[in-house]
Structure formats: C-alpha cells, structure tokens
Amino acid sequence: MSLSGRALRLTIFVDDTDTWHHRPMYTEIVHRAHAAGLAGASVFRGVEGFGAGQVVHTTRLLSMADDLPVAIVIVDAEERIRAFLPRLDDLLIEGLAVLDEVEVVHYRGRQVRA
C-alpha cells in the first residue's frame, strides 16, 4: 500500500478498562481497522489523564491506576478514514474521537520476501 501527501489522522481516546464483548475496546478498534484494510493503527497507553468525568487517573497512585487513558491512532487517506467511521458506531464508545488533517511524508512497510 502506498500513502503520501494529504491524509486524515483519526485519534480515539478511551479508558484502558473499556471493553467490547469481553475484549479491550482498543483491541476491537484495531482489529476493525485491520479488517477495513486501513494503512495502520497504533495504540498508546497514557500514564496520566482525565476526561469528561473530570477525575484525574494516574499510575503514580495505586488506587487511581485504573481507567488510564488509551489513544488509538489511525492514519489513511481521507476517503478511507471517513468510510471507516460508521464501523465504530455500534461500539458505543465513551470517550473522544478527533480527526486531524496531516501530511504523510514517509510510509513504507516491510518488504515481503518470496
């Protein structure tokens, strides 16, 4: 797959304890992105944060070490990202999803050896 120039970055913020049918929400989103043939998806775990509930969660206090923020980042061509968004509707995500215009300056996967 080739990707260069203008693209969209979809970033979805959820809690690390959010689940969908007994699996982590972030795992479900990554697998849906993969099944949709998107260029790639990465999950980043936060060490501290707060959201709409205004409760700060942190790894520094053992009692507050649950519900840590997780960001799922997906970058692809605008039409592919926008076509993917309806695949997230049934997840009933409690969190935040944002779209940013980005410029892809380098994208190359590993070479597959025959």
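All letters in the sequence shown, in the order written, are residues 1 to 114 by the numbering used here.
Ideal Cβ placement from N, Cα and C applies to all residues, glycine included.
Burial is judged here by how many other beta carbons sit within 10 angstroms of a residue's own beta carbon; Leu85 has fewer than 16 and is exposed. When Cβ pairs closer than 8 angstroms are counted between the two stretches, the segment 69 to 85 is seen to touch the segment 38 to 47, the count reaching three or more. The closest CA to that of Asp100, considering only Leu3, Gly5 and Leu10, is found on Leu10. If you compare the alpha carbons of Met25, Asp67, Leu8 and Asp15 with that of Leu88, the shortest gap goes to Met25. Of all alpha-carbon atoms in Gly46, Thr17 and Arg108, the one lying nearest the alpha-carbon of Ile93 is that of Thr17.
Counting only residues of its own chain and dropping the five nearest sequence neighbours on each side, Glu103 has a CB closer than 8 angstroms to the CB of Gly5, Arg6 and Ala7. In this structure, DSSP gives Asp90 a helical state, which the three-state scheme calls helix.
In the three-state scheme derived from DSSP, where H, G and I count as helix and E and B as strand, Arg32 is classed as helix.
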